[in-house]
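Trainee:
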Amino acid sequence: MPPLALSSRSALALVLCATLLDTSLPAQPAPAKATLPPSHRDRTAPLTSQERTLHALNRFTFGPRPGDIAAVSRMGLDRWFEQQLNPSSIDDASLDRRLAAFPAMRLSQLELVSRFPSNQLIRVAARGDLPLPTDPTTHAIYVDSMAFYNEDQARKSAAQLVAGQTLPPAAATSGSTSASPGKRGPRPDLLGPNSLYSIAYGSRKPAAAALADLASTMAVPQPSPSPSPGSQHKEDLYPQAATTALLALPPAPRVVRILQLSPSDLIAFRKSLSADELRRLSDGLSPEQEETLAALQGPQRVVAAEVLGSRLERDVYSNRQLEAVMTDFWLNHFNVFLHKDEQEPYLLPAYERDTVRHNALGHFETLLTAVASSPAMLVYLDNAQSIGPDSEAANRPKRGPATSPDGKPKPAAVDRGLNENYARELLELHTLGVRCEVSKDHTPTDKSCGAGYTQADITEVAKVLSGWTVDRPALGSMASYDDRRHQPGDKHVFGSTIPAGGEREGLELLHLLATSPATARFVSTKLAIRFVSDDPPPALINRMTKSWLSSNGDLRIVLRTLFNSPEFWAPSAYRAKVKTPLEFVVSALRASTADVSNPTALVTSLDRLGMPLYGMQTPNGYSWLSEPWVSTSALVTRMNFALTLAGNHLAGVTLPPPALVSASAADPAQHERSLEQTILGEPVSDRTRAIILEQSADATLPAQAARDFLPASPPTKALVSVQRPPANSLSQAQAQSQVQTMTGLLLGSPEVQRR
Amino acid sequence: MNTIRTAIHDTTDWGCDLHGRDLAPRRITRRGFMKDGALALIGTSTIPAFLTRSVLAEATTAAASRKKLVVLFQRGAADGLNIVAPYRDPNYVAMRPSLALKPDQVLDLNGTFGLHPALASFKPLYDQGHLAIIHAAGSPDTTRSHFDAQDYMESGTPGVKATTDGWLNRALSTEHLSTKLSAFRAVALGSQVPRTLQGKLPAIALNNLSDFSVGGKFANAAPVAQAFQALYDDSTDAVLHGTGQETFEAVRMLKFADPAQYKPADGVTYPNAPFGNSLRQIAQLLKANLGVEAAFADIGGWDTHVNQGAATGQLANRLREFSDSIAAFWHDMGDDAEHITLVTMSEFGRTAHQNGTGGTDHGHANVMFVLGGHVRGGKLYGKWPGLAPEQLNEGRDLAVTTDFRRVLAEVSFRSLGAHNLASVFPDAEISPSTFLNLI
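What follows is the structure, encoded as structure tokens:
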């Protein structure tokens, strides 16, 4: 483009932009801006009983469902809280029925790995180094996956011949660099784009999925690798007669028949299907049978899709809400990353279920020890690979082949030593807190830190924990202690000595950390930030720390202290927290009593809102503060999510039809008020209500809808000038659209961004 | 802290440019462009217009000079010793038995240091004199916590936790202009405003240019968007009200300027990865003349504790995406690159010794890159502290000899006109006389 043309065009743009900006200022005097968030309530008045209930529900659950406030009031707030502290006393059968859609999540780690082999395991099997399973279904999954792997390999070597280069090993496994030659070929997507398993697993890059229009990507899950089916069967690819016969089979034999197809037949068969045939293919399948078909697309995807989907549905539907909230808190505190490596997805079901949720309301030391010995954490922060420099394993490596059973070259002798990654984050993020770190420039001032910790302590901690590793990483990664890798001798940490004692040293260290006043204070502060405010009062933290220390880190007692503290109920804490994206999405689903039949679009939405589940790469987890979550990008996405959800455009998510639409059409204001109660739990400000009512009336006017996006006059003025149509002139469809608009605006309103 | 700053005496012989000692000769052959025959490397018969003009007088503000600053953060502590490697140093070779880059692998810079081979697309930029390298740069604070170190580097106040704003926000705030400032003056690619850009001045976070609108393609998008705007305008929630205003202003400007129409220049391909997408979109915003003065993007994946690889492998893959994205951006901007300064940083470096798992642990000093039309590139800046055991920081890491704030201060001073360095980097005692004179 010639420079001159560019600059003149741009200059014009700037002039026009400047003009537009001027008109964007509101015509009426700007309302007084407060520094505190809540809108219309008197910020100094004590909470009313209704507000107390709503406040508790906002903080100890993922947000109230319609009717929750009344139910908790009836039960009594204290009794409700005690019940939430004892999750096993709460019936959760309705959640269990929903989670039946995720059969793999009920498997043990070993079963999971063998049923849904990782790419790594398939490579081993393809080399003939692994006996194939005898169960016919699993056998078929292996055979198909191996055949696809072999095809990929053939394609790759062909590509390498062409390019005359050798691919770095990472490119062979990443599967995400679409530009690389020899990339993985398409696998048959037998369940269509609306399946749970259509999620784009393996994308480390939420932003990359965000190239298309938000509404359309949120409404339609990631494009599947297979071509979208046409209206006609493609006879040249696969005979119509055989297809019809197959589709006529009952579910079980139908799946068996599909499993019997060779990989190339399977691909041809899938490509031949019409849209209607594709739909019939998965008709009546049980969740397990759907899983089996999905596994033919790549077994690893099944695991990741179910890990993400089941976590989200639990947050939405569990009646054990405090347990869900605390599980989320600990999964963030002890953050792990789904995309760490090929193994990590397989380790997450047990990590969530047995390590974290099981201990979420128990004792901190039990939780800390469970995390320290969990394969998910051992792999994520590399302790599984750490070897004491003077250990037997470092100095007298076992004789044997140069490669380990999973095909990776064994580390050279020089690569046998300590890795201090976990040791550092254990002290800095999981227990004592970085403010206790001693360095040349920093001496802790907080007396709970005692003498603090130094780099030398970190190295000693790494020695203490050497040998805490996982067994057979490719085959299930069971946690184990390997004394051959353990650094011998006494260890000196924090000024005291841990005598040589193998695995016991680690337990002693974890006990030391779990019972340290610094840990009590650090974690109490984080809990107070999660449950009370971004800047919790020191008196509250002191009280929680005291409870922690006197109860040996009994999390129920610490939470009870928080619940009974005046600071929790202070007017300044009311609606003081900005919802994280997860809290925003889950609270919106709960408030709108949405029915989630497929969480894929929700999982994708969280990516786009900047908070993918298990998607924080670094061990600090997501922030509990407001600032990171309030940005231009975040607000646009939140508003669009609200509209998409309210308009029923989110695939796999259905809002119940608004009750008595015709009645509401007769009186939109009345319906709007009931929506306020449903979505926010209390009335919005008069001004908010006026804007929503005017707009939802506008939304049914075609002329209004056609108006340009850029207002010629200030928007608030335009709203006021619009004449509302007579209510009785609205059709059913118009009334429906009106309710959707009101719901969308309420869900995306400033009030709903806080809890 | 002071000891680090005052201990710098340029006694090295590796071609550093300290305190502008060789400023005069460099300015004459600013890029050594015609002389070195480096023109051929551009691969075009057109000489960029800015190379044929004389050096512009230094403008006092970015807005007046149209200068723009692009700030890139490598989160996770990149291994500077293998990015610009002292590949002939026997200590380096000894401490990294399986990680050290070999002489036949590096892209040699001056016989002493070599670029990692995955930085091949940086080499022409270096040879043309656009790319400067500052080695052994870092924070005077010795923390090895990623999160503290990133915080300090982004706030620009090492060791001070209480700072609430970022250095780049303060650098932009030093301008006092009477005209209305663009909503896009400070923009970050991503879903959050990074610490670097937080502060008094509004900053925009953008994930994706193409879907940055409210209501998208819904039938009644326009009125609904207006209603949302009214809701946020009227909100008494200070935080949401303020961000709401910025949001709607940005949406309007973007819709009008339509940056998506700017396709990358002929022959320019950005890596199809998050960082490549970020830089492509920064280029689009710049070309759309939205008034961007400072842009920020980051790239993760540098925390290579395990199997980081040498000439190939994990680190190599990150470096390829990193350098190819930056080079694509540079070429995409064409003539406009004259007005751009780009600076890269990472919170700290990694241990000089490799660890027990084929990787490196948290260390201290690192390497920074500065790229730009006015950069006196093609050379290494800073003082090399050496890798002998007694020269290492705490016996394990490359020591810091250049405070990262000296680089950032010079870059903001020259590109943004941030002359009020005392407020951008309080207590750093930085003035133009302490600049490395790399611009």
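Quick mapping for you: the protein sequence lines, in order, are chains E and Y. FYI, the numbering used here numbers position 395 of the first sequence as 395, with every residue one higher than the one before it. Offset between the second sequence (1-based) and the numbering used here: plus 755. Heads up, the beta-carbon is just placed ideally off N, CA and C, and yes, glycines get one too. Only a predicted model underlies this, so the values are computations on that prediction, with no experimental measurement involved.
Residue range of the beta strand (DSSP E) that residue 471 of chain E falls in?
Mentor: For the purposes of this step, residue 471 of chain E is taken as the residue at position 471 of the first sequence. Taken as a continuous stretch (DSSP letters only), the beta strand (DSSP E) holding residue 471 of chain E covers 468–471.
Trainee: If contacts are defined as beta-carbon pairs under 8 Å, then residue 1237 of chain Y and residue 824 of chain Y qualify, I think. What distance do you get, rounded to the angstrom?
Mentor: Examination of residue 1237 of chain Y is not possible in this model, given that chain Y is present from 756 through 1194 alone.
Trainee: Under a three-way DSSP split, which group does residue 481 of chain E fall into?
Mentor: Along the first sequence, read from residue 1 onward, the residue named residue 481 of chain E stands at position 481. Looking at residue 481 of chain E - three-state DSSP - the assignment turns out to be strand.
Trainee: Give me the residue from E:64, E:42, E:51 with the minimum Cα distance to residue 583 of chain E.
Mentor: Looking up residue 583 of chain E in the first sequence gives position 583. Considering only alpha carbons, the answer is E:64.
Trainee: Whose CA, out of Y:846, Y:858, Y:889, lies closest to the CA of residue 1204 of chain Y?
Mentor: Here chain Y comprises residues numbered 756 to 1194, so residue 1204 of chain Y is not present and cannot be evaluated.
Trainee: Between Y:1093, Y:1108, Y:1034, which has its C-alpha nearest residue 1078 of chain Y's C-alpha?
Mentor: For the purposes of this step, residue 1078 of chain Y is taken as the residue at position 323 of the second sequence. Nearest C-alpha to residue 1078 of chain Y: Y:1034.
Trainee: Quick one: grab the DSSP three-state call for residue 886 of chain Y.
Mentor: Counting from 1 along the second sequence, the entry for residue 886 of chain Y is found at position 131. Residue state, collapsed to three classes: strand.
Trainee: Could you pull the start and end residues of the beta strand (DSSP E) that residue 104 of chain E belongs to?
Mentor: In the first sequence, the residue the question calls residue 104 of chain E occupies position 104. Here residue 104 of chain E belongs to no beta strand (DSSP E), and DSSP marks it neither H nor E.
Trainee: Is there a Cβ of chain E sitting closer than 8 Å to that of residue 1119 of chain Y, yes or no?
Mentor: Counting from one through the second sequence, the residue named residue 1119 of chain Y turns up at place 364. No, residue 1119 of chain Y does not count as interfacial toward chain E.
Trainee: Check each residue of the stretch 892–913 of chain Y: if its Cβ is closer than 9 Å to any Cβ of chain E, include it; give the result in chain order.
Mentor: If the cut-off is 9 Å between Cβ atoms, the stretch 892–913 of chain Y has 895, 896, 897, 898, 899, 900, 901, 902, 903, 913 near chain E.
Trainee: Report the residues of the stretch 117–138 of chain E with a CB closer than 8 Å to any CB of chain Y, ordered along the chain.
Mentor: Cβ contacts with chain Y come from no residue of the stretch 117–138 of chain E.
Trainee: Nearest to residue 1028 of chain Y by CA position, among Y:1151, Y:1081, Y:1093, Y:852, is which residue?
Mentor: As a first step, residue 1028 of chain Y is located in the second sequence; it is residue number 273 there, counting from the start. Comparing Cα positions, the closest option is Y:1081.
Trainee: Just to make sure I have the definition right: I need the residues of chain E whose C-beta is within less than 7 Å of the C-beta of residue 1034 of chain Y. Which are they?
Mentor: Reading the second sequence from its first residue, position 279 is the one you call residue 1034 of chain Y. Near residue 1034 of chain Y there are no residues of chain E at all, since even the closest Cβ is about 12 Å away, more than 7 Å.
Trainee: Please report the distance separating the alpha-carbon of residue 528 of chain E from that of residue 899 of chain Y.
Mentor: Translated into the one-based positions of the first sequence, residue 528 of chain E becomes position 528. Translated into the one-based positions of the second sequence, residue 899 of chain Y becomes position 144. When rounded, the distance between both Cα atoms is 27 Å.
Trainee: Considering only the alpha carbon of each residue, which of E:59, E:259, E:49 lies closest to residue 624 of chain E?
Mentor: In the first sequence, counting from the first residue as 1, residue 624 of chain E sits at position 624. Ranking the options by Cα distance to residue 624 of chain E, first place goes to E:59.
Trainee: Per DSSP, residue 439 of chain E is paired with what?
Mentor: Within the first sequence, residue 439 of chain E is the residue found at index 439, counting from 1. Residue 439 of chain E pairs with E:442.
Trainee: Is the beta carbon of residue 835 of chain Y less than 8 Å from the beta carbon of residue 1172 of chain Y?
Mentor: Position 80 of the second sequence, counting from 1, holds the residue named residue 835 of chain Y. Position 417 of the second sequence, counting from 1, holds the residue named residue 1172 of chain Y. No, the Cβ-Cβ distance between residue 835 of chain Y and residue 1172 of chain Y is not below 8 Å.
Trainee: Counting only Cβ-Cβ distances shorter than 8 Å, please list the residues of the stretch 1109–1142 of chain Y near chain E, keeping chain order.
Mentor: So the close ones are 1109, 1110, 1111, 1112, 1113, 1114, 1116, 1117.
Trainee: Using 8 Å as the cut-off, can you tell me whether the stretch 604–611 of chain E makes contact with the stretch 629–646 of chain E, which would need three or more C-beta pairs spanning the two stretches below that distance?
Mentor: As far as the Cβ criterion goes, the stretch 604–611 of chain E touches the stretch 629–646 of chain E, which means the pair count is three or higher.
Trainee: With burial defined as no fewer than 16 other Cβ atoms inside 10 Å of the residue's Cβ, what is the status of residue 671 of chain E: buried or exposed?
Mentor: Residue numbering aside, residue 671 of chain E sits at position 671 when the first sequence is read from its first letter. Looking at its Cβ environment, which holds 16 or more other Cβ atoms inside 10 Å, residue 671 of chain E is buried.
Trainee: If I measure Cβ to Cβ from residue 489 of chain E and keep anything under 7 Å in the same chain, skipping five residues before and after, which residues do I get?
Mentor: Walking along the first sequence from the start, residue 489 of chain E turns up at place 489. Closer than 7 Å at the Cβ level, and outside the excluded window around residue 489 of chain E, lie 500.
Trainee: What is the DSSP secondary structure of residue 195 of chain E, counted as helix, strand or coil?
Mentor: Taking the first sequence and counting its residues from 1, the one referred to as residue 195 of chain E is at position 195. Reduced to three states, the DSSP call for residue 195 of chain E is coil.
Trainee: The alpha helix (DSSP H) that contains residue 564 of chain E, what's its start and end?
Mentor: Mapped onto the first sequence, residue 564 of chain E falls at position 564. Taken as a continuous stretch (DSSP letters only), residue 564 of chain E belongs to no alpha helix (DSSP H), as it is neither H nor E.
Trainee: I need the DSSP call for residue 1051 of chain Y, collapsed to helix, strand or coil.
Mentor: Taking the first residue of the second sequence as position 1, residue 1051 of chain Y is located at position 296. Strand at residue 1051 of chain Y.
Trainee: When burial is assigned at 16 or more other CB atoms within 10 Å of the CB, is residue 882 of chain Y buried or exposed?
Mentor: Sequence index remark: in the second sequence, residue 882 of chain Y carries index 127 (1-based). The residue is buried, with at least 16 neighbouring Cβ atoms inside 10 Å.
Trainee: Rounded to the nearest angstrom, what separates residue 418 of chain E and residue 90 of chain E at their Cα positions?
Mentor: Translated into positions along the first sequence, residue 418 of chain E becomes position 418. Translated into positions along the first sequence, residue 90 of chain E becomes position 90. Whole-angstrom Cα-Cα distance: 45 Å.
Trainee: Which same chain residues end up closer than 7 Å to residue 303 of chain E when comparing Cβ atoms and leaving out the 5 residues on each side of it in sequence?
Mentor: Mapped onto the first sequence, residue 303 of chain E falls at position 303. Here the set comprises 104, 112, 116, 345, 346.
Trainee: Taking the beta strand (DSSP E) that residue 1097 of chain Y falls in, what are its first and last residues?
Mentor: Here residue 1097 of chain Y refers to the residue found at position 342 of the second sequence. 1095–1101 is the span of the beta strand (DSSP E), which, as asked, contains residue 1097 of chain Y.
Trainee: Compute the Euclidean distance between the alpha carbons of residue 478 of chain E and residue 109 of chain E, then round it to the nearest angstrom.
Mentor: Taking the first sequence and counting its residues from 1, the one referred to as residue 478 of chain E is at position 478. Taking the first sequence and counting its residues from 1, the one referred to as residue 109 of chain E is at position 109. Looking at the two C-alpha atoms, the distance is approximately 8 Å.
Trainee: Identify the contact partners of residue 441 of chain E in chain Y, using a Cβ-Cβ distance below 9 Å as the criterion.
Mentor: As a first step, residue 441 of chain E is located in the first sequence; it is residue number 441 there, counting from the start. Ordered by position in chain Y, the residues that pass the 9 Å Cβ test against residue 441 of chain E are 756, 895, 896, 897, 898, 913, 914.
Trainee: Which full runs of the alpha helix (DSSP H) of 4+ residues lie inside the stretch 269–345 of chain E, going along the chain?
Mentor: Counting whole runs of 4 or more residues, the stretch 269–345 of chain E contains the alpha helix (DSSP H) stretches 275–281, 287–295, 299–317, 321–333.
Trainee: Any heavy atom of the ligand SAM closer than 7 Å to the CB of residue 499 of chain E?
Mentor: Absence of the ligand SAM from the depicted structure is noted, as is the absence of any ligand whatsoever, leaving it without description.
Trainee: Using a Cβ-Cβ distance under 8 Å, would residue 386 of chain E count as near chain Y?
Mentor: What you label residue 386 of chain E is simply residue 386 of the first sequence in a count that begins at 1. At least one chain Y Cβ lies under 8 Å of residue 386 of chain E.
Trainee: By the DSSP assignment, the alpha helix (DSSP H) with residue 679 of chain E in it spans what residues?
Mentor: Along the first sequence, read from residue 1 onward, the residue named residue 679 of chain E stands at position 679. Looking at the DSSP string, the run of the alpha helix (DSSP H) that includes residue 679 of chain E is 668–680.
Trainee: Could you spell out where the alpha helix (DSSP H) holding residue 961 of chain Y opens and where it closes?
Mentor: The sequence position of residue 961 of chain Y within the second sequence is 206, counting from 1. First-last for residue 961 of chain Y: 959–961, but that is the beta strand (DSSP E), not the alpha helix (DSSP H).
Trainee: Taking all protein chains shown into account, do 16 or more other C-beta atoms lie within 10 angstroms of the C-beta of residue 850 of chain Y, making it buried, or fewer, making it exposed?
Mentor: Counted from its first residue, the second sequence places residue 850 of chain Y at position 95. So residue 850 of chain Y ends up on the buried side.
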